[in-house]
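Protein chains: 2
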Amino acid sequence: MEFNDKQIEILETAERLFAAKGFDGTSVREIAKEANINLASISYYFGSKEKLMEAIFNYRINNAWFAVKTLVDDHSLSPIKKMDMLVDSVIDRISEKECFHRIMVRQQIIAKDDIVTKLINESRARNIEIINEIIRDGQQQKLFKKKIDTPLLVITMIGTIYQMMNTQDFYRQVHKLESLDETAFQHHIRLVLKAHLKTIFKTILINEA
Amino acid sequence: MEFNDKQIEILETAERLFAAKGFDGTSVREIAKEANINLASISYYFGSKEKLMEAIFNYRINNAWFAVKTLVDDHSLSPIKKMDMLVDSVIDRISEKECFHRIMVRQQIIAKDDIVTKLINESRARNIEIINEIIRDGQQQKLFKKKIDTPLLVITMIGTIYQMMNTQDFYRQVHKLESLDETAFQHHIRLVLKAHLKTIFKTILINEA
DNA sequence: AAATAATTCAAACGTTTGTTTTAATTCAAA
DNA sequence: TTTGAATTAAAACAAACGTTTGAATTATTT
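First to last, the sequence lines map onto chains W and Y. For the record, in the first sequence the residue sitting at position 29 is 29 according to my numbering, with numbers rising by one throughout. In my numbering, each number is its position in the second sequence, counted from 1, plus 1000.
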């Protein structure tokens, strides 16, 4: 799946608009205007609005867990350290590609049997497998508990990150952090999330119930 | 805010369709057809599609945390028990009104300054206040830790529940639970979620880091 | 330089959109 | 039973939608 500069411009503009206004709430005319390209170019390059959405997923979903995979193969790291680094990595990755993840959440709520859902599920299955490798390792070293529901663990991790993403304005307001500039606040919630999820992970993986 | 039978029929049909296909993905003609009412009735009763959405939120958001409030005032319960019951209550409530919560998640991702977002934030503020009461009580009784980020705790609770709601098909598949019928599976994930979140809550509230 | 392919563009296509209009009908109070 | 308001129904509205067309332009190949 190779995209030229113009296609990438369209993809990233569409991604931004889909994230902000939803797929059905964004018109192809709006995308064309915002990307400074002609209306027909979208059909020309991608075939349709639907296929443009699929292209966004192909563009983003592939090298998503590349860094995590290399993590697993590093035998100098303890499973506990690996899980900590996993948390850091996932939070940073989602923060970087916030627009895309907003689209993914919306898509997951609606779609059931389309191509995009299939892509998401394939990616999810791969991620679970990678994390399971770390956990199995930790169990063999008697560091982790025997019974661990990996998908549930991932659900709490991703769910917490997404929920923070969607309600960060409220979180900021409650904690009276309006004085912080946007960058500082984003940095702050990343740190908070990382510490929070690492604590939760240790409970689930190590401590007794 | 009083609605007659016909209005409620429209509201609940619209809720179901908005949850399944999104606000922009659902046409007023579709709602009218599905609810067996005339197209013009929607404008007649609610003014516009936008106001229909607002009506759904007014219809659902009010008595949402009614049960939880009575929980707080019951002085025969320990704060720990109260938090356990809170988890049960929230999971049951969201499960019951799944369609509405799907709409809410989608709305949160997009909306920034509209009436619906204001309604959601007001509700959230009230909920945080109620939970804070329980937690303060637990802290005074030296049962809970001193520093607790209540909004963050709620974010993990709600985020985990929502993420399970959105990815339950995948969860079912990974755990090979396709043989269970829908009701049994729904019951199962509720139990799993309840135990899971109670464990997490105890870590955050009681245990040392 | 000529020919061929790839891309850009404005205009138009037929649908569908949310909403309004206007007339018919139902219903309750006088 | 008459009167007036509330409700229902079908038709019409302009605007916006995704997509296609065919000519103009640019780029690549021969």
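Note that the Cβ used here is the ideal one computed from N, Cα and C, for glycine as well.
Straight-line gap, N4 (chain W) to D1113 (chain Y) (C-alpha atoms, nearest Å): In the first sequence, counting from the first residue as 1, residue 4 (chain W) sits at position 4. In the second sequence, counting from the first residue as 1, residue 1113 (chain Y) sits at position 113. Near 37 Å, if we compare the C-alpha coordinates of D1113 (chain Y) and N4 (chain W).
Secondary structure of I1144 (chain Y), DSSP reduced to three states: What you label residue 1144 (chain Y) is simply residue 144 of the second sequence in a count that begins at 1. Per the sequence shown, the amino acid found at residue 1144 (chain Y) is Phe instead of Ile. In the structure shown, F1144 (chain Y) falls within a coil segment according to DSSP collapsed to helix, strand and coil.
Whole-Å CB distance - V1072 (chain Y) paired with E1122 (chain Y), under 8 Å assumed: The residue given as residue 1072 (chain Y) occupies position 72 in the second sequence. The residue given as residue 1122 (chain Y) occupies position 122 in the second sequence. Actually they do not touch by this definition, with Cβ atoms about 18 Å apart.
Spatial distance of A1067 (chain Y) from K1202 (chain Y) (CA atoms): Locating residue 1067 (chain Y) in the second sequence gives position 67, counting from the first residue. Locating residue 1202 (chain Y) in the second sequence gives position 202, counting from the first residue. Distance between the alpha carbons of A1067 (chain Y) and K1202 (chain Y): 22 Å.
Same chain, Cβ closer than 7 Å to I91 (chain W), five either side skipped, listed in chain order: To locate residue 91 (chain W), count along the first sequence from 1; it is residue 91. Correct list, in chain order: I161, R190, L193, K194.
Sub-8 Å separation of I109 (chain W) and V1105 (chain Y) beta-carbons: Taking the first residue of the first sequence as 1, we reach residue 109 (chain W) at position 109. Taking the first residue of the second sequence as 1, we reach residue 1105 (chain Y) at position 105. Result yes, Cβ atoms of I109 (chain W) and V1105 (chain Y) sit closer than 8 Å.
Within 8 Å, strictly: CB atoms of T1013 (chain Y) and A1040 (chain Y): The residue given as residue 1013 (chain Y) occupies position 13 in the second sequence. The residue given as residue 1040 (chain Y) occupies position 40 in the second sequence. Taking a C-beta distance under 8 Å as the contact criterion, T1013 (chain Y) and A1040 (chain Y) do not qualify as a contact pair.
Test item: CB-CB of I1204 (chain Y) and L1153 (chain Y) under 8 Å: On the second sequence, residue 1204 (chain Y) is found 204 positions in, with the first residue counted as 1. On the second sequence, residue 1153 (chain Y) is found 153 positions in, with the first residue counted as 1. A contact, by the Cβ cut-off of 8 Å.
I1061 (chain Y) vs L1143 (chain Y) beta-carbon contact at 8 Å: Residue 1061 (chain Y) sits at position 61 when you count from the first residue of the second sequence. Residue 1143 (chain Y) sits at position 143 when you count from the first residue of the second sequence. Against a cut-off of 8 Å, the Cβ pair of L1143 (chain Y) and I1061 (chain Y) comes out as no contact.
Members of the stretch 78-90 of chain W near chain Y, C-beta cut-off 8 Å: Result list empty, no residue passes.
8 Å Cβ cutoff, K21 (chain W) in contact with chain Y: Indexing the first sequence from 1 puts residue 21 (chain W) at position 21. Closer than 8 Å to some Cβ of chain Y, the Cβ of K21 (chain W) qualifies, so yes.
Continuous alpha helix (DSSP H) stretch holding G159 (chain W): start and end: For the purposes of this step, residue 159 (chain W) is identified with residue 159 of the first sequence, where counting begins at 1. Residues 150-174.
Whole-Å CB distance - N1185 (chain Y) paired with L1177 (chain Y), under 8 Å assumed: Along the second sequence, one-based indexing puts residue 1185 (chain Y) at 185. Along the second sequence, one-based indexing puts residue 1177 (chain Y) at 177. In the sequence as displayed, the identity of residue 1185 (chain Y) is Phe instead of Asn. Rounded to whole angstroms, the Cβ separation of F1185 (chain Y) and L1177 (chain Y) is 6 Å, and the two are in contact under 8 Å.
Beta carbon proximity, L1152 (chain Y) to chain W, threshold 8 Å: Here the question's residue 1152 (chain Y) lines up with position 152 in the second sequence. By this cut-off, L1152 (chain Y) is an interface position.
Pairwise C-alpha distance: I1148 (chain Y) and I1135 (chain Y): On the second sequence, residue 1135 (chain Y) is found 135 positions in, with the first residue counted as 1. On the second sequence, residue 1148 (chain Y) is found 148 positions in, with the first residue counted as 1. The alpha-carbon atoms of I1135 (chain Y) and I1148 (chain Y) are separated by roughly 8 Å.
Extent of the continuous alpha helix (DSSP H) to which H211 (chain W) belongs: Outside the displayed span of chain W (1 to 209) sits residue 211 (chain W), for which this structure offers no information.
Beta-carbon contacts of R16 (chain W) that lie in its chain and below 7 Å, excluding the five residues immediately before and after: In the first sequence, the residue the question calls residue 16 (chain W) occupies position 16. C99, listed in sequence order.
Proximity test, I1148 (chain Y) beta-carbon vs the ligand ATP heavy atom, cut-off 7 Å: With respect to the ligand ATP, the structure shown offers nothing to examine, as it has no ligands at all.
Chain-order list of residues whose beta-carbon lies under 7 Å from that of T150 (chain W) (same chain, five-residue window excluded): Stepping through the first sequence from its first residue, residue 150 (chain W) is reached at position 150. I128, I131, N132, I135.
Residue environment, Q1141 (chain Y), which counts as buried when at least 16 other CB atoms sit within 10 Å: Locating residue 1141 (chain Y) in the second sequence gives position 141, counting from the first residue. By the 10 Å Cβ count, Q1141 (chain Y) comes out exposed.
Euclidean distance between Cα positions of D1024 (chain Y) and M164 (chain W): Taking the first residue of the second sequence as position 1, residue 1024 (chain Y) is located at position 24. Taking the first residue of the first sequence as position 1, residue 164 (chain W) is located at position 164. If I take the Cα positions, the gap works out to 25 Å.
Rounded straight-line distance, which links the Cα of H1175 (chain Y) to that of T199 (chain W): As a working note, residue 199 (chain W) is residue 199 in the first sequence. As a working note, residue 1175 (chain Y) is residue 175 in the second sequence. Looking at the two C-alpha atoms, the distance is approximately 25 Å.
8 Å Cβ cut-off: residues of chain Y touching R126 (chain W): Walking along the first sequence from the start, residue 126 (chain W) turns up at place 126. Within 8 Å Cβ-Cβ: nothing; R126 (chain W) doesn't reach chain Y, min ~12 Å.
Residues in the stretch 105-131 of chain W having any Cβ partner in chain Y nearer than 7 Å: V105, R106, Q108, I109, I110, N121, R124, I128
Distance CB(T167 (chain W))-CB(I1155 (chain Y)) smaller than 8 Å: As a position in the first sequence, residue 167 (chain W) is number 167, starting the count at 1. As a position in the second sequence, residue 1155 (chain Y) is number 155, starting the count at 1. Yes; because the gap between Cβ atoms is below 8 Å, this pair is in contact.
Cutoff 8 Å: G1047 (chain Y) Cβ touching any chain W Cβ: Locating residue 1047 (chain Y) in the second sequence gives position 47, where the first residue counts as 1. So no, G1047 (chain Y) is outside the interface.
Proximal residues of chain W, C-beta to C-beta of N1166 (chain Y) below 8 Å: Residue 1166 (chain Y) sits at position 166 when you count from the first residue of the second sequence. Those are V105, Q108, I109, listed as they occur along chain W.
Three-state secondary structure (DSSP) of D74 (chain W): Taking the first sequence and counting its residues from 1, one reaches residue 74 (chain W) at position 74. Here D74 (chain W) sits in coil by DSSP.
C-beta neighbour in chain Y for D24 (chain W), strict 8 Å: Translated into the one-based positions of the first sequence, residue 24 (chain W) becomes position 24. Cβ-Cβ to chain Y under 8 Å: yes for D24 (chain W).
DSSP-derived helix/strand/coil call for I1128 (chain Y): The residue labelled residue 1128 (chain Y) in the question sits at position 128 within the second sequence. Three-state DSSP puts I1128 (chain Y) in a helix.
Secondary structure of K1051 (chain Y), DSSP reduced to three states: As a first step, residue 1051 (chain Y) must be located in the second sequence, where it is residue number 51. In this structure, K1051 (chain Y) counts as helix in the three-state DSSP scheme.
Beta-carbon spacing of T117 (chain W), A111 (chain W) below 8 Å: Against the first sequence, residue 117 (chain W) aligns to sequence position 117. Against the first sequence, residue 111 (chain W) aligns to sequence position 111. Taking 8 Å as the Cβ cut-off, T117 (chain W) and A111 (chain W) qualify as a contacting pair.
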